[in-house]
Structure formats: structure tokens, C-alpha cells
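Q: Numbering-wise (this note's numbering), the sequence shown opens with residue 3 and increments by one.
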Amino acid sequence: MASMKVRKAVFPAAGFGTRFLPATKATPKEMLPLVDKPLIQYGVEEAVAAGCTEIIIVTGRGKSSLEDHFDKSYELETALEARGKTALLEMVRSVSKLAKISYTRQPDALGLGHAVLQAKQLVGNEPFAVILPDDVVDAKVPCLKQMVDAFEQVQASILGSEIVEGAAISSYGCLDCTQDPDDPRLLDVRSMIEKPKPEEAPSQHAIIGRYILTPRIFSMLETVKPGAGGEIQLTDGIKALLQYERVYGFTYEGCRYDAGDKLGFLKANVEFALRRDDLGPKFREWLKQQRF
């Protein structure tokens with residue numbers, strides 16, 4: 003039997019971005035710039051680096067700028083070409099050539115599981131990745147590429163995970179799991195608890211915004227009982243999936259920034275800017291001169 007390959011990545015991007023109001027009143031949260039690139043582009047580039055050739059973005063009302071960003075911009079390209087701005091022209095063109103990008107709508111914000119379910123027809127009967135644009139991971143080997151390599155070995159759903167200590171675990175989904183004796187990064191998942199009290203957390207392994215899922219997840223999401231507010235949670239679908247298939251956690255190597263949080267977004271902008279050859283030295287010098 004031929005091994006399954008991950009060729010498609012789903013990006014849930016239909017939320018309101020209420021934590022960044024009023025900036026997100028007319029601008030999608032996913033389009034907020036991390037230095038000079040929108041958040042979602044970091045995720046798309048990560049998916050492409052992991053071998054994905056098709057990107058599926060789940061959008062909602064007021065998200066047309068997402069489509070415009072990844073589309074060809076004839077007027078801008080013509081203007082840049084006429085002014086001889088070759089480097090900028092190539093940068094703009096490269097965005098529209100990243101991958102084949104499709105869009106589907108989530109008419110009602112009914113949870114992450116519901117958002118993923120909207121991509122069923124575009125995904126089809128094959129494994130796929132899910133990337134939450136809020137979670138930006140800086141890693142030598144892209145986070146999703148690490149997970150794809152692990153998936154090719156285990157041929158089962160994999161959830162991105164990191165160690166979260168203390169009370170902070172109550173902000174995450176938490177894995178009830180055991181480490182694989184041959185590869186400590188792999189976690190054999192028994193169950194999971196959404197936002198547990200610290201004293202009730204079964205481990206320190208938190209779920210982050212990276213998933214590789216087998217297509218059976220769609221059947222689970224179609225039958226799982228909605229929770230509060232009628233929302234369908236992805237974690238509930240994965241818990242149901244555990245009745246039929248093995249599911250693994252994966253402790254990736256890299257630094258994650260919660261860019262869906264204002265403080266995390268600010269930290270990411272500072273640290274990404276400091277790493278830039280064109281910005282880092284001057285920015286670092288300026289920071290040293292400030293009296294905070």
C-alpha cells in the first residue's frame with residue numbers, strides 16, 4: 003500500500019479578530035503585518051516549504067483582501083516595472099506564485115472544527131495540514147516540515163505540541179500522552195483536555211496551531227455534538243478520531259509566537275525585525291538608546 007502524502011494545507015481565516023479591534027474592523031487579522039509581511043503569508047510559506055502544493059483558505063465576510071494579496075496585481079506590477087523597481091516587482095510577483103490557492107467560505111463562525119469542515123470538498127480523501135495563522139513559528143527546519151517528516155513515518159494524524167509549564171497550560175488544549183521510546187518528540191495520544199485547570203492537566207504538552215489530519219476527521223466533525231454556542235471544536239473531532247485511529251503529538255523544534263495576542267504580536271515584530279540584516283543593526287541601536 004502506497005504511503006499517504008501531505009499535499010494540501012487548510013488555513014482557517016474567517017474569525018472576527020476581536021482582540022485587535024479597532025484595527026481589524028475593516029482589515030482581516032490575518033493581514034496584520036509582521037514587520038512587512040502579513041501573518042498569513044508566513045504560514046503559507048511554511049506550508050510550501052513542507053511540500054504542500056495546494057493552499058485552502060477558509061474565509062468569511064470582509065476577507066477579500068486575503069484573496070487580493072495572493073492574486074496577481076496588474077496595476078501595481080505595471081507601476082513598479084515602469085519605475086524600474088525590479089526587486090520590489092519580483093517580491094510582489096513571488097507572492098502570487100507561492101502555490102495554487104483556493105478559497106471556501108465559513109458563513110457562520112461556529113468553531114475551528116466547523117471551519118476545517120468547510121474545506122472537505124477541496125481536500126478530498128487525503129491527509130492534509132491545518133495551520134492557524136495566529137501561531138507564527140520561527141524554526142531552522144519549518145515546523146510543518148518537521149511534522150510532515152514524522153507523518154511519513156507513522157502515517158497517522160499528528161498534532162503540533164510544545165511544553166507549557168504552570169498555570170499557562172489552562173490556555174491550551176492539553177495532551178494525555180506518552181512519549182515514543184524510539185523518538186521522544188513523538189507523543190502517543192490517549193486523549194486530550196481543552197483548557198484544563200493546572201491541577202487537572204494530564205501533562206505539560208500543549209497543542210499549538212499546527213495539525214496534520216487524516217480525511218476521516220471530516221466524518222468525525224460531521225457527527226460530533228456541538229458545544230457551547232453551537233460551535234464544533236476540532237479537539238472534539240480529534241478525540242472521536244482516536245476511537246478509530248492512532249493520533250500522535252509532535253514536539254517541534256523552534257520558537258512560537260502567539261501573534262493572535264497583542265503582546266505576542268509585539269514581541270514577534272521586535273524579534274523578527276532584530277533578525278533582519280537590513281533592519282536589525284539600526285533597530286537594536288535605537289532600542290539601546292531608549293529609556294523605558
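Backbone N, C-alpha and C fix where the C-beta goes; we use that ideal spot for every residue, glycine too.
1. Along the chain, where does the beta strand (DSSP E) that runs through Leu215 open and close?
2. Could you check where the beta strand (DSSP E) with Arg258 kicks off and where it finishes?
3. Going by DSSP, name the residue or residues bridged to Glu196.
4. Within the same chain, show all residues whose beta-carbon is closer than 7 Å to that of Ile297, passing over the 5 residues directly before and after it, in chain order.
5. If you count every other CB in all the chains shown that lies within 10 Å of the CB of Asp110, and 16 or more means buried, which is it?
6. Given a cut-off of 8 Å, decide if Ile171 and Pro198 are closer than it, judged by their beta-carbon atoms.
7. Just tell me which of Lys65, Ala141, Ile195 has its CA closest to the CA of Gln235.
8. Looking only at its own chain, which residues have a Cβ that is under 8 Å from the Cβ of Thr20, when we skip the five neighbours before and after it?
9. Here's the rule I'm using: 16 or more other beta-carbon atoms within 10 Å means buried, otherwise exposed. How should Lys39 be labelled?
10. Arg187 by DSSP, collapsed to three states: which one?
11. In the DSSP assignment, what are the bridge partners of Glu48?
12. Could you say which of Ser96, Ala141, Ile209 lies nearest to Val191 if we only look at CA atoms?
13. Do Gly256 and Asp182 come within 8 Å of each other at the CB atom, strictly closer than that value?
14. Between which residues of its own chain and Asp178 is the CB-CB distance below 8 Å, once the five residues before and five after are set aside?
15. Please name the residue, chosen from Ala11, Arg85, Gln292, that lies closest to Pro135 on a Cα-to-Cα basis.
16. I need the boundaries of the beta strand (DSSP E) containing Val37, first residue and last residue.
17. What residue range does the alpha helix (DSSP H) around Phe153 cover?
18. Just mark Pro144 as buried or exposed, buried being the case when its beta carbon has 16 or more other beta carbons within 10 Å.
19. Going by DSSP, what residues sit across from Gly162 in a beta bridge?
20. Please return the same chain residues whose Cβ sits closer than 8 Å to the Cβ of Leu78, not counting the five positions on each side in sequence.
21. Taking just the CA atoms, how far does Gln292 sit from Thr237?
22. What's the gap between the Cα of Leu149 and the Cα of Gln123?
23. In this structure, what does DSSP give as the bridge partners for Ser98?
24. Could you say which of Phe22, Ser5, Met6 lies nearest to Leu265 if we only look at CA atoms?
25. Taking Cβ positions, are Glu201 and His116 nearer each other than 8 Å?
26. Alpha carbons only, please: which of Arg212, Phe252, Glu167, Leu244 is nearest the one belonging to Val226?
27. Who are the Cβ neighbours of Leu276 in its own chain at under 7 Å, not counting the five residues just before and after it?
28. Rounded to the nearest angstrom, what separates Ala261 and Ile57 at their Cα positions?
A: So, from the listed chains and residues:
1. Counting from 1 along the sequence shown, the entry for residue 215 is found at position 213. Its beta strand (DSSP E) spans residues 207 to 215.
2. In the sequence shown, counting from the first residue as 1, residue 258 sits at position 256. Counting along the chain, the beta strand (DSSP E) containing Arg258 begins and ends at 257 to 260.
3. By one-based count along the sequence shown, residue 196 stands at place 194. DSSP output for Glu196 lists Gly175 as bridge partner(s).
4. No answer is possible for residue 297: the residues shown for the chain start at 3 and end at 294.
5. By one-based count along the sequence shown, residue 110 stands at place 108. So Asp110 ends up on the exposed side.
6. Looking up residue 198 in the sequence shown gives position 196. Looking up residue 171 in the sequence shown gives position 169. Yes.
7. Stepping through the sequence shown from its first residue, residue 235 is reached at position 233. Gln235 has its Cα closest to that of Ile195, out of Lys65, Ala141, Ile195.
8. On the sequence shown, residue 20 is found 18 positions in, with the first residue counted as 1. Correct list, in chain order: Thr26.
9. Indexing the sequence shown from 1 puts residue 39 at position 37. With fewer than 16 Cβ atoms within 10 Å of its Cβ, Lys39 is classed as exposed.
10. Indexing the sequence shown from 1 puts residue 187 at position 185. DSSP places Arg187 in coil when its eight states are reduced to three.
11. Position 46 of the sequence shown, counting from 1, holds the residue named residue 48. DSSP output for Glu48 lists no bridge partner at all.
12. Sequence index remark: in the sequence shown, residue 191 carries index 189 (1-based). The shortest C-alpha separation from Val191 is found at Ile209.
13. The residue given as residue 182 occupies position 180 in the sequence shown. The residue given as residue 256 occupies position 254 in the sequence shown. No, they are not a contact pair.
14. Counting from one through the sequence shown, the residue named residue 178 turns up at place 176. Excluding residues within five positions, the ones whose Cβ falls inside 8 Å are Val191, Arg192, Ser193, Met194, Ile195, Pro204, Ser205.
15. In the sequence shown, residue 135 corresponds to position 133, counting from 1. Per the Cα distances, Ala11.
16. Walking along the sequence shown from the start, residue 37 turns up at place 35. No beta strand (DSSP E) contains Val37, which DSSP labels as neither H nor E.
17. Counting from 1 along the sequence shown, the entry for residue 153 is found at position 151. Phe153 -> alpha helix (DSSP H) spans 145 to 156.
18. The residue given as residue 144 occupies position 142 in the sequence shown. Answer is buried; the Cβ neighbour count reaches 16.
19. Residue mapping note: residue 162 aligns to position 160 of the sequence shown, counting from 1. Per DSSP, Phe252.
20. Position 76 of the sequence shown, counted from the start, is the residue given in the question as residue 78. For Leu78, where only same-chain residues beyond five positions count, the Cβ hits under 8 Å are Val94.
21. In the sequence shown, counting from the first residue as 1, residue 237 sits at position 235. In the sequence shown, counting from the first residue as 1, residue 292 sits at position 290. So the alpha carbons of these two residues sit roughly 44 Å apart.
22. Counted from its first residue, the sequence shown places residue 149 at position 147. Counted from its first residue, the sequence shown places residue 123 at position 121. Note that residue 149 is Met in the sequence shown, not Leu. The alpha-carbon atoms of Met149 and Gln123 are separated by roughly 24 Å.
23. Along the sequence shown, one-based indexing puts residue 98 at 96. Answer is none; Ser98 lacks a bridge partner.
24. Numbered from 1 along the sequence shown, position 263 holds the residue referred to as residue 265. Nearest C-alpha to Leu265: Phe22.
25. Taking the sequence shown and counting its residues from 1, one reaches residue 201 at position 199. Taking the sequence shown and counting its residues from 1, one reaches residue 116 at position 114. Contact: no.
26. In the sequence shown, counting from the first residue as 1, residue 226 sits at position 224. The shortest C-alpha separation from Val226 is found at Leu244.
27. Indexing the sequence shown from 1 puts residue 276 at position 274. Taken in chain order, the residues that qualify are Gly282, Phe285, Arg286.
28. Here residue 261 refers to the residue found at position 259 of the sequence shown. Here residue 57 refers to the residue found at position 55 of the sequence shown. C-alpha separation (whole angstroms): 21 Å.
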